[in-house]
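In the UniProt record's numbering, the protein residues as written are 1 to 147.
To start, the structure itself, in structure tokens.
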Amino acid sequence: MLSRIAEDKRDEELDLLESLREKTPDGQISILTEVHSNLILIVGRGVWTSAVIAAHFSQLEHALQSKRRQFGAARLLCDVRDRGEQPPDIVEEIRLGATLQLKGDDRMAVVTNSSLMKMHLRQELGRDRMQFFMSIETAKIWLDAYR
């Protein structure tokens with residue numbers, strides 16, 4: 001019974017992520033949080049500007065603080081399957097932002113659309129509490145181990 005409840009919850013969260021993905025315009029990053037969960041859903045599409053990155057990390061910091069207060073740690077599911085090739089200065093801003101944002105027991109699963117992009121992201125952003133996947137379901141299973 002508990003397994004079925006957990007599976008239903010996972011399906012609900014994946015549906016929310018897919019809905020967020022459909023609503024996120026090209027060149028933007030969207031964040032969605034759930035009230036009763038430490039999960040933060042992130043979708044990034046297209047090529048980003050410094051202004052988009054700054055706004056994203058500002059919004060993310062507020063979401064992380066809220067989740068840490070409520071749950072002690074946050075789990076981030078980041079879907080960048082529709083991400084474009086980012087300029088080097090943007091890659092550096094993302095790397096620095098991710099380094100500063102993830103703390104303590106926070107965990108982040110990043111989902112991409114190709115092995116090559118997964119390898120590049122691992123090189124650019126690789127961290128202990130951050131893993132890279134090509135499947136939303138596999139990423140979610142990894143994150144669920146840290147509920």
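Even for Gly, the Cβ is constructed at its ideal location relative to N, Cα and C.
{"Check": "Leu77 and Leu20 closer than 8 Å at C-beta", "Outcome": "no"}
{"Check": "Residue interval of the beta strand (DSSP E) (run including Val91)", "Outcome": "Where Val91 is concerned, there is no enclosing beta strand (DSSP E), although the alpha helix (DSSP H) it sits in stretches over 88-101."}
{"Check": "Same chain, Cβ closer than 8 Å to Gln101, five either side skipped, listed in chain order", "Outcome": "Phe57, Leu60, Glu61, Leu64"}
{"Check": "Inter-residue spacing [alpha-carbon to alpha-carbon] between Thr138 and Gln131", "Outcome": "11 Å"}
{"Check": "Span separating the alpha-carbon of Lys103 from that of Asn38", "Outcome": "14 Å"}
{"Check": "Residue span of the beta strand (DSSP E) that contains Thr33, given as start and end", "Outcome": "29-33"}
{"Check": "Rounded straight-line distance, which links the Cα of Pro87 to that of Gly97", "Outcome": "15 Å"}
{"Check": "Three-state secondary structure assigned by DSSP to Val52", "Outcome": "helix"}
{"Check": "Given Asp105 as reference, the closest of Thr112, Gly44, Asp128, Asp26 once Cα atoms are compared", "Outcome": "Asp128"}
{"Check": "Sheet register partners of Gly46 (DSSP bridge)", "Outcome": "Arg83"}
{"Check": "Residue environment, Val80, which counts as buried when at least 16 other CB atoms sit within 10 Å", "Outcome": "buried"}
{"Check": "Beta-carbon proximity of Asp89 to Gly46, cut-off 8 Å", "Outcome": "no"}
{"Check": "Expected contact under 8 Å - CB spacing of Ile40 and Ile53 to nearest Å", "Outcome": "So it is not a contact: roughly 17 Å between Cβ atoms."}
{"Check": "Alpha-carbon to alpha-carbon, Glu22 and Gln70", "Outcome": "29 Å"}
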